[in-house]
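Chemist: Residue numbers for the sequence shown, in this note's numbering: 69 to 322. The C-beta atom is built at its ideal place from N, Cα and C for all residues, glycine as well.
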Amino acid sequence: MYEKYIVEGLSDREIAYLIGCGKATVVRARQKHGIYREDVKMCDDYTLDNISEDLRTFIDGLLLGDACITEKGNLLITQNKRYDWLEYVKHRFQQFGLNVYFHCYKYKRRTSEVIADLYVLSTSRYELFRQLRERWYPDGIKRIPNDLVINDEGLAQWYLGDGSLTKQKNGYKLELSTHGFTLDENKFLQQKLKLLYGFDFRISKKHQYRYLRLFKSKQVHAFCSIVEPFIPPSYRNKVRCLHDYQWLKSWDVI
Numbered sequence: 069m070y071e072k073y074i075v076e077g078l079s080d081r082e083i084a085y086l087i088g089c090g091k092a093t094v095v096r097a098r099q100k101h102g103i104y105r106e107d108v109k110m111c112d113d114y115t116l117d118n119i120s121e122d123l124r125t126f127i128d129g130l131l132l133g134d135a136c137i138t139e140k141g142n143l144l145i146t147q148n149k150r151y152d153w154l155e156y157v158k159h160r161f162q163q164f165g166l167n168v169y170f171h172c173y174k175y176k177r178r179t180s181e182v183i184a185d186l187y188v189l190s191t192s193r194y195e196l197f198r199q200l201r202e203r204w205y206p207d208g209i210k211r212i213p214n215d216l217v218i219n220d221e222g223l224a225q226w227y228l229g230d231g232s233l234t235k236q237k238n239g240y241k242l243e244l245s246t247h248g249f250t251l252d253e254n255k256f257l258q259q260k261l262k263l264l265y266g267f268d269f270r271i272s273k274k275h276q277y278r279y280l281r282l283f284k285s286k287q288v289h290a291f292c293s294i295v296e297p298f299i300p301p302s303y304r305n306k307v308r309c310l311h312d313y314q315w316l317k318s319w320d321v322i
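1. In its own chain, which residues sit with a C-beta less than 7 Å from the C-beta of residue 199, not counting the 5 before and 5 after it?
2. Which runs of the alpha helix (DSSP H) spanning at least 4 residues fall entirely within the region 82–162, listed in chain order?
3. Does the region 187–206 come close enough to the region 89–97 to have 3 or more Cβ pairs within less than 8 Å?
4. Kindly indicate which three-state DSSP category residue 186 falls into: helix, strand or coil?
5. What do you reckon, are the CB atoms on residue 256 and residue 212 nearer than 8 Å?
6. Determine the closest residue to residue 276 out of 249, 153, 134 and 222, with distance taken between C-alpha atoms.
7. Do the region 280–291 and the region 233–243 make contact, defined as three or more Cβ pairs closer than 8 Å?
8. When the Cα atoms are used, what is the spatial distance from residue 251 to residue 136?
9. Enumerate, from N- to C-terminal direction, the unbroken beta strand (DSSP E) stretches of 3 or more residues contained entirely within the region 284–314.
10. Give the secondary structure of residue 225 by DSSP, where H, G and I count as helix, E and B as strand, and everything else as coil.
11. With distance defined between alpha-carbon atoms, name the residue in 300, 125 and 80 nearest to residue 99.
12. Going by the CB atoms, is the gap between residue 164 and residue 228 shorter than 8 Å?
13. To the nearest angstrom, how far is it from the Cα of residue 90 to the Cα of residue 174?
14. On the DSSP bridge list, what partners appear for residue 212?
15. Is the CB of residue 80 under 8 Å away from at least one CB in chain B?
16. Along the alpha helix (DSSP H) that carries residue 265, what are the first and last residues, could you check?
17. Pick out whichever of 309, 292, 308 and 118 has its Cα sitting closest to the Cα of residue 221.
18. By how many angstroms is the C-alpha of residue 307 removed from the C-alpha of residue 301?
19. Alpha carbon to alpha carbon, what distance is there between residue 290 and residue 321?
20. Based on the DSSP secondary-structure assignment, which residues constitute the bridge partners of residue 275?
21. Less than 8 Å between the beta carbons of residue 243 and residue 280, yes or no?
22. Whose C-alpha, out of 312, 264 and 139, is nearest the C-alpha of residue 210?
23. Could you please give the first and the last residue of the uninterrupted alpha helix (DSSP H) stretch that includes residue 196?
24. Which residue's Cα is closest to the Cα of residue 119: 157, 170 and 161?
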């Protein structure tokens, strides 16, 4: 209990899911053993002033996708299909010296009675993430910071979290889901990707959801070539165009 609550920084609800009981049971057990919210410490070894550019761009890439930062100062990512991407993220955070934890919960799907796995990666509470929350959630809602920096690895993390590749009759369509961001933020990302990589993403909307979409074959190929070194084995379908030799031959890449 102490390790889960104080060291790992898990909430009562997260601990309850992990051990298979109700939240109230965890609260009673915690209080019985004299473990209180004020005992949770914030690690101040890492701040925005002393981290490397590589770590900052890696985190920014995660936050463009599925990652979030809790009010408590943890970075959190959940996946319900595959976990090897989270294993990669865990490995990279450990290389940077951050404490990170990986859990698997059981949950019941909303659309059926099937019990499935939910994979959760969380860090310890850091002053760094408290600062990043102020930068990314100025009003409590995720907003893209003006000083956003994107590099190849960060682009790959964004694509792994919120990207897809679809084969169409005349080639491939690559999408980055951006419906959590405003139209102005979509334009900002569109311009950023054009400036950094020369990509001509279009802003599209389907129902209430926004996407950045890339259609030009050579640019789709270039994008996938950039992110391929960071793609885990079970996500290789996201760069499968690189091995579609009939498609490549059709526009004289090979």
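Modeler: On the basis of the data shown:
1. As a first step, residue 199 must be located in the sequence shown, where it is residue number 131. Closer than 7 Å at the Cβ level, and outside the excluded window around residue 199, lie 115 and 116.
2. The DSSP assignment places complete alpha helix (DSSP H) segments of no fewer than 4 residues inside the region 82–162 at 91–100 and 121–132, in order along the chain.
3. No contact exists between the region 187–206 and the region 89–97.
4. Translated into the one-based positions of the sequence shown, residue 186 becomes position 118. Looking at residue 186 - three-state DSSP - the assignment turns out to be strand.
5. If you number the sequence shown from 1, residue 256 lands on position 188. If you number the sequence shown from 1, residue 212 lands on position 144. It is a contact, given that the beta carbons lie within the stated cut-off.
6. Numbered from its first residue, the sequence shown carries residue 276 at position 208. Of the listed residues, the one whose Cα sits closest to residue 276 is 249.
7. Counting C-beta pairs closer than 8 Å gives three or more between the region 280–291 and the region 233–243, which meets the contact rule.
8. Counted from its first residue, the sequence shown places residue 251 at position 183. Counted from its first residue, the sequence shown places residue 136 at position 68. Distance between the alpha carbons of residue 251 and residue 136 is about 20 Å.
9. Entirely contained in the region 284–314, not one beta strand (DSSP E) run reaches 3 residues.
10. Looking up residue 225 in the sequence shown gives position 157. Residue 225 sits in a helix when the DSSP states are folded into three classes.
11. As a first step, residue 99 must be located in the sequence shown, where it is residue number 31. Checked all of 300, 125 and 80; the closest Cα to residue 99 is 80.
12. On the sequence shown, residue 228 is found 160 positions in, with the first residue counted as 1. On the sequence shown, residue 164 is found 96 positions in, with the first residue counted as 1. Judged by beta-carbon spacing, residue 164 lies beyond the 8 Å limit of residue 228, meaning their Cβ atoms are not closer than that value.
13. The residue you call residue 90 lines up with position 22 of the sequence shown. The residue you call residue 174 lines up with position 106 of the sequence shown. If you take the alpha carbons of residue 90 and residue 174, they lie about 14 Å apart.
14. Here residue 212 is taken as the residue at index 144 of the sequence shown, counted from 1. None; residue 212 has no bridge partner.
15. Although the question refers to chain B, the structure presented lacks it and comprises just one protein chain.
16. In the sequence shown, counting from the first residue as 1, residue 265 sits at position 197. Per DSSP, residue 265 belongs to the alpha helix (DSSP H) from 251–265.
17. Taking the sequence shown and counting its residues from 1, the one referred to as residue 221 is at position 153. The shortest C-alpha separation from residue 221 is found at 292.
18. Here the question's residue 301 lines up with position 233 in the sequence shown. Here the question's residue 307 lines up with position 239 in the sequence shown. It is roughly 11 Å from the alpha-carbon of residue 301 to the alpha-carbon of residue 307.
19. Position 253 of the sequence shown, counted from the start, is the residue given in the question as residue 321. Position 222 of the sequence shown, counted from the start, is the residue given in the question as residue 290. For residue 321, the predicted structure reports a pLDDT of 48, less than 50, and the residue's modelled location is therefore unreliable. The matter cannot be settled from this model.
20. Counting from 1 along the sequence shown, the entry for residue 275 is found at position 207. Note: residue 275 sits in no beta bridge, so no partner.
21. Counting from one through the sequence shown, the residue named residue 243 turns up at place 175. Counting from one through the sequence shown, the residue named residue 280 turns up at place 212. Contact: yes.
22. The residue you call residue 210 lines up with position 142 of the sequence shown. Closest by alpha carbon: 139.
23. By 1-based counting over the sequence shown, the position of residue 196 is 128. Where residue 196 is concerned, the enclosing alpha helix (DSSP H) starts and stops at 195–204.
24. What you label residue 119 is simply residue 51 of the sequence shown in a count that begins at 1. Residue 161 is the option with its Cα nearest to residue 119.
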